[in-house]
Amino acid sequence: VGFTLAYLDETTSTNDVARDPRYDAGAVVIAERQSRGRGQRGNSWSSSAGANLTFSVVLCPGFLETAQQFYLSKAVSLAVCDTVESFGVRPQVKWPNDIYIDGRKVAGILIENDLAGNFLSRSVVGIGINVNQTEFDPALPNPTSLAVAAGRKLDRAEVFRLFYEKMSFRYGQLQQQRYAAMDTDYAARLYRLGETHSFVDGRTKVRFEGTICGVLPTGELEVRHRDGQMHRYLFKEIEYTITGIG
Ligand code: BTN
Numbered sequence: 003v004g005f006t007l008a009y010l011d012e013t014t015s016t017n018d019v020a021r022d023p024r025y026d027a028g029a030v031v032i033a034e035r036q037s038r039g040r041g042q043r044g045n046s047w048s049s050s051a052g053a054n055l056t057f058s059v060v061l062c063p064g065f066l067e068t069a070q071q072f073y074l075s076k077a078v079s080l081a082v083c084d085t086v087e088s089f090g091v092r093p094q095v096k097w098p099n100d101i102y103i104d105g106r107k108v109a110g111i112l113i114e115n116d117l118a119g120n121f122l123s124r125s126v127v128g129i130g131i132n133v134n135q136t137e138f139d140p141a142l143p144n145p146t147s148l149a150v151a152a153g154r155k156l157d158r159a160e161v162f163r164l165f166y167e168k169m170s171f172r173y174g175q176l177q178q179q180r181y182a183a184m185d186t187d188y189a190a191r192l193y194r195l196g197e198t199h200s201f202v203d204g205r206t207k208v209r210f211e212g213t214i215c216g217v218l219p220t221g222e223l224e225v226r227h228r229d230g231q232m233h234r235y236l237f238k239e240i241e242y243t244i245t246g247i248g
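Numbering (the numbering used here), first residue to last: 3 to 248.
Now the structure itself:
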């Protein structure tokens, strides 16, 4: 099986580059600098050049129905968690797919899917991992890096190599539809599972108290409100981001 790795000094966004169909399944586009790094919810992703990892992996999960596409997000989140764990650090997944250490964000994931009918055809999985950065833009709510958490500078190539290995394992689970195993591993790492705290309704901006009870196969977050009623939220319908407030 061939393996393409494109290493770019500078580009707009590795997700944009990896969109090019000449990159086959398994191809990776890494950039040292992104001038227009993109995050979820229309946010930008800034990363200090030379310190971190910003890359995109091309996958062709033609076997995966759109109804199950959250399992691709789970597989990627778990691969990043597995990578973080190999450095002796405990990661958590802040739903849907931010990777946290000690309540601070260490990595972000942006997956862009092409569909063929009810199935996925090609996915560009963009990942930004803060590896060796130690100073952060004060405008960011709660950043951290692997080096800050591990207490030592890390070899970025090793972090990437580990990620690729863990991603291959998790992608294998996805192909074999080992959803129960993935659900267990994801729930075990779910940030604030079972804790009561305040959320903001993404539409009304009203703050309320609730408890995260889990994530449904559709990817919806299940939250029990104080009156005991269970509500389901899609991404963008609920916020619980900022440490201290959320
Ligand atoms: C998020 O946390 O909102 C997602 C951040 C994803 C950032 C990565 S960096 C590599 C790839 N290229 C991009 O433009 N974004 C993703």
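Backbone N, C-alpha and C fix where the C-beta goes; we use that ideal spot for every residue, glycine too.
This one's a predicted model, so the numbers in the text were calculated from it and none came from an experiment.
At a Cβ-Cβ threshold of 8 Å, Asn132 and Pro140 do not count as neighbours. Counting the other Cβ atoms within 10 Å of the Cβ of Glu222 gives 16 or more, which makes it buried. By the criterion of at least three beta-carbon pairs nearer than 8 Å, the region 200-216 is not in contact with the region 165-183. Between Ser48 and the set Gly110, Leu117, Val78, the nearest pair of CA atoms involves Gly110.
Residue environment analysis places Gln231 among the exposed positions, since fewer than 16 neighbouring C-beta atoms fall within 10 angstroms of its C-beta. Inter-residue distance for Ala8 and Ala53 is about 18 Å (C-alpha atoms, whole angstroms). Judged by DSSP secondary structure, Cys83 falls within the alpha helix (DSSP H) whose first and last residues are 72-87. As the crow flies, the alpha-carbon of Val30 is around 13 Å from that of Gly130. When distances are taken from the beta-carbon of Asn134 to the heavy atoms of the ligand BTN, even the shortest one reaches 7 Å or more. Straight through space, the alpha carbons of Gly119 and Ala151 are spaced by roughly 43 Å.
Shortest Cα-Cα distance from Leu61 to any of Arg172, Ala182, Asp229 involves Arg172.
Counting along the chain, the unbroken alpha helix (DSSP H) around Arg163 starts and ends at 158-177. Asp185 sits in a helix when the DSSP states are folded into three classes.
For Ala20, the uninterrupted alpha helix (DSSP H) run begins and ends at 16-20, by DSSP. Those residues that bring their Cβ nearer than 6 Å to a heavy atom of the ligand BTN are Ser15, Thr16, Asn17, Gln36, Gly39, Arg40, Gly41, Gln42, Asn45, Trp47, Thr56, Phe57, Ser58, Asp100, Gly110, Ile111, Leu112, Gly128, Ile129, Gly130.
Per the C-alpha coordinates, the member of Lys107, Ala183, Arg226 positioned closest to Ser200 is Arg226. A Cβ-Cβ contact shorter than 8 Å links Arg191 with Pro93.
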